[in-house]
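J.: Here the working numbering = 1-based position in the sequence shown + 960.
Think of the CB as a built atom: it goes at the ideal place given N, C-alpha and C, for glycine as much as any other residue.
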Amino acid sequence: MFNAIGIIGLGLIGGSFGLAIKHNKLSKVVIGFDTNEENLNDALKLELIDIGANSYKSFSICDFVIVSVPPSQTAK
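(1) So, helix, strand or coil for Asn963, using DSSP?
(2) Of the choices Phe962, Lys982 and Gly975, whose alpha-carbon is the least far from that of Ser994?
(3) Compute the beta-carbon to beta-carbon distance between Gly966 and Cys1022, rounded to the nearest angstrom, for a pair I have assumed lies under 8 Å.
(4) Since Leu1008 contacts Lys982 with CB under 8 Å, what's their CB separation in whole angstroms?
(5) For Phe962, count the other beta carbons within 10 Å of its own beta carbon; 16 or more makes it buried, fewer makes it exposed. Which is it?
(6) What is the residue span of the beta strand (DSSP E) that Lys988 lies within?
(7) Flag this pair as yes or no: are the beta carbons of Ile991 and Gly1012 separated by less than 9 Å?
(8) Are the Cβ atoms of Leu986 and Ala980 separated by less than 9 Å?
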């Protein structure tokens, strides 16, 4: 079991990762981030994540981070 897993992007794919991680108890804490506040709030309500992050600094405690965003939204 991991101490913390982070998910950047909480749409269909990122939310599914959160659900699977929590369902299979793979991490003590799941931290999520999304630029869309509605996605972030929905993920918290549906218990897909434990903590909604408002900056990338929150991921410094994560054992690893899943990046689940469209390629067009990643830095070049």
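T.: The relevant details are as follows:
(1) Taking the sequence shown and counting its residues from 1, the one referred to as residue 963 is at position 3. Taken through DSSP and simplified to helix, strand or coil, Asn963 comes out as strand.
(2) For the purposes of this step, residue 994 is taken as the residue at position 34 of the sequence shown. Contrary to the premise, residue 994 reads as Asp rather than Ser in this sequence. Of the listed residues, the one whose Cα sits closest to Asp994 is Gly975.
(3) Indexing the sequence shown from 1 puts residue 966 at position 6. Indexing the sequence shown from 1 puts residue 1022 at position 62. Right, the Cβ-Cβ distance comes to about 4 Å (below 8 Å), so this counts as a contact.
(4) The sequence position of residue 1008 within the sequence shown is 48, counting from 1. The sequence position of residue 982 within the sequence shown is 22, counting from 1. Contact flag correct, Cβ pair sits at about 7 Å.
(5) Here residue 962 refers to the residue found at position 2 of the sequence shown. Exposed: under 16 other Cβ atoms inside 10 Å.
(6) Position 28 of the sequence shown, counted from the first residue, corresponds to residue 988. Per DSSP, Lys988 belongs to the beta strand (DSSP E) from Ser987 to Phe993.
(7) The residue given as residue 991 occupies position 31 in the sequence shown. The residue given as residue 1012 occupies position 52 in the sequence shown. For Ile991 and Gly1012, yes; Cβs fall inside 9 Å.
(8) Position 26 of the sequence shown, counted from the start, is the residue given in the question as residue 986. Position 20 of the sequence shown, counted from the start, is the residue given in the question as residue 980. Yes, Cβ-Cβ distance for Leu986 and Ala980 is below 9 Å.
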